[in-house]
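For the sequence shown, counting from 1, position 122 maps to 149 in the numbering used here; every step adds exactly one.
Each residue gets a CB set at the ideal place from its N, CA and C atoms; glycine is no exception.
None of these values were measured; they are calculated from a predicted model.
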Amino acid sequence: MPEGPTVRRFCSLVSPFVGQQVVKVGGRTKQIVLPDLMEKWIQDCQVHGKNLYVAFGCGVTPKATSVNAQEFDGEKSHEEKIGIDCPPNTETTTSPNNLSSLENEEHPRCKWLRFHFGLYGSVKVNELTHAKRGDKRGDWKDPVPRLILHFAAGSFLVFYNCRILWCSSPYVEPTCDILSVEFDKEKALRALSAPRPVCITLMDQQHFSGVGNIIKNEILFLAQVHPLSLGSLLPPETLRALIDHAVSFTAKWLRIKMQGEPMHYIIYMKEYCPKGHKVVKETIGPPHGLQRLTWSCPTCQERAQPEGHTQEQI
Ligand SMILES: [Zn+2]
């Protein structure tokens, strides 16, 4: 799934639409009520961790907050047709004549949509994604947009493969956000020092918001740390180096993304490490959590052992 830098790039695509009004809504999502977005104004766009937040303002429809805020448990609408165009919701639309009386509102009400992207989640501007290959039956089917927002002058935003949820405000914990200037390295160090495999702590969004599987694999190799090493067995300077790599690698990835260039990985999905050693691929995750493919070089990334143990004893 898209990691922090990729979601930041999505945000940069949405940002030019801040201040624009939605004139038509489409998409197959059942996670929100599509007419609720009609005639709303995009007021802000933010990224926190791996989530994109878009504020839909009530510049025109401040009382139109009859959104479906319930939790959703996944996609249910595979048969649903795409591109449903929703007429303006007459119950929630305020006429332009009322606008002047609303402009003085000190805190205009708005709601945030949270987008959490799946494995092939993406955002497109003024274009649809087309199938790059046929499916198992040889049919070429274009991906189905979850949400399409149309604006004046024919421009539109398309959101693919994402969970969409209304929330009252973005979750903000910048001290845990790897891309935030407020990211707290000392707090991260305390989390990484726990007696659990570092590769699992790195994927814990409570501590390393924005870090995903690619970043995890790459920074563990850069810091020469074995994914299954327990944080409690690693010296603080090694953990600090790992955190420094996490910050610098993620920033570099963001920079490259924003320039529209491809990122070249060192260990992720590689057969050999840069020194020519055979890479080991294994599935690792918390006991009842998501198991993720993990690549490591057993030569370059020696596993930390408790004192008195040798490699063979573990
Ligand atoms: Zn190696």
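Residue i versus the options, residue with shortest Cα-Cα distance
| i | options | result |
| --- | --- | --- |
| G31 | I311, L281 and G303 | L281 |
| T202 | L192, S195, S196 and E213 | E213 |
| A331 | L260, H272 and G312 | L260 |
| G54 | P301, K308 and V185 | V185 |
| T33 | R160, G76 and L140 | G76 |
| H291 | L317, T265, P263 and I241 | I241 |
| E264 | I293, C38, R217 and Y299 | R217 |
| H272 | G258, Q251, E288 and W68 | Q251 |
| Q70 | K138, Q58 and F37 | K138 |
| G84 | H253, P262, W68 and P43 | W68 |
| L257 | L219, K151, L269 and K302 | L219 |
| R190 | M285, Q58, Q47 and V52 | Q58 |
| E200 | Q73, A268, G312 and M285 | Q73 |
| K151 | W322, G316, H315 and C38 | C38 |
| E334 | G161, P262 and D162 | P262 |
Exposure label - residue i; buried when at least 16 CB within 10 Å
| i | result |
| --- | --- |
| R35 | buried |
| C324 | buried |
| E329 | exposed |
| T310 | exposed |
| D169 | exposed |
| S64 | The question names Ser, but residue 64 is Leu in the sequence shown. Its Cβ being crowded by 16 or more others within 10 Å, L64 is buried. |
| L146 | exposed |
| S195 | exposed |
| N244 | buried |
| A215 | buried |
| V208 | exposed |
| N153 | exposed |
| A180 | exposed |
| W167 | exposed |
| T88 | Note that T88 scores 38 on pLDDT, short of 50, meaning its location in the model is unreliable and no value can be drawn from it. |
| Q233 | exposed |
| Y187 | buried |
| R62 | A quick correction: the sequence has Pro, not Arg, at residue 62. It is buried - the Cβ of P62 has at least 16 other Cβ atoms within 10 Å. |
| H157 | exposed |
| H304 | exposed |
| M285 | exposed |
| L317 | exposed |
| H315 | exposed |
| G148 | buried |
Residues bridged to residue i (per DSSP)
| i | result |
| --- | --- |
| S323 | V307 |
| C19 | This structure cannot speak to residue 19, because the chain is shown only from 28 to 341. |
| Y295 | Paired residue(s): none; Y295 is not in a bridge. |
| S149 | Y187 |
| P172 | Y187 |
| D204 | S236 |
| L257 | P224 |
| C300 | C300 pairs with nothing; no bridge assigned. |
| W68 | Q48 and G84 |
| F178 | V49 |
| H75 | N78 |
| C38 | The partner list for C38 (beta bridge, DSSP) is empty, contrary to what the question assumes. |
| K138 | F83 |
Distance between beta carbons of residue j and residue i, contact taken as under 8 Å
| i | j | result |
| --- | --- | --- |
| L174 | T326 | The pair is not a contact, with the Cβ atoms about 47 Å apart (cut-off 8 Å). |
| F276 | I227 | Going by Cβ atoms, the distance from F276 to I227 rounds to 18 Å, so no, they are not a contact pair. |
| L255 | P224 | 5 Å |
| E66 | V49 | 6 Å |
| F144 | M296 | In fact, because the Cβ distance is near 20 Å, the residues do not count as touching under 8 Å. |
| V13 | L140 | Any property of residue 13 remains undetermined from this structure, which presents the chain solely from 28 to 341. |
| G239 | D204 | The pair is not a contact, with the Cβ atoms about 13 Å apart (cut-off 8 Å). |
| F142 | L79 | 4 Å |
| F183 | L176 | 6 Å |
| F248 | I293 | 6 Å |
| V306 | Y299 | 6 Å |
| F210 | V274 | 7 Å |
| Q47 | F235 | About 34 Å separates the two Cβ atoms, so there is no contact after all. |
| R164 | M230 | Between M230 and R164 the Cβ distance is about 35 Å, and since that is not below 8 Å, they are no contact. |
Closer than 6 Å: residues whose CB approaches a heavy atom of ligand 1 = C300, K302, H304, C324, T326 and C327
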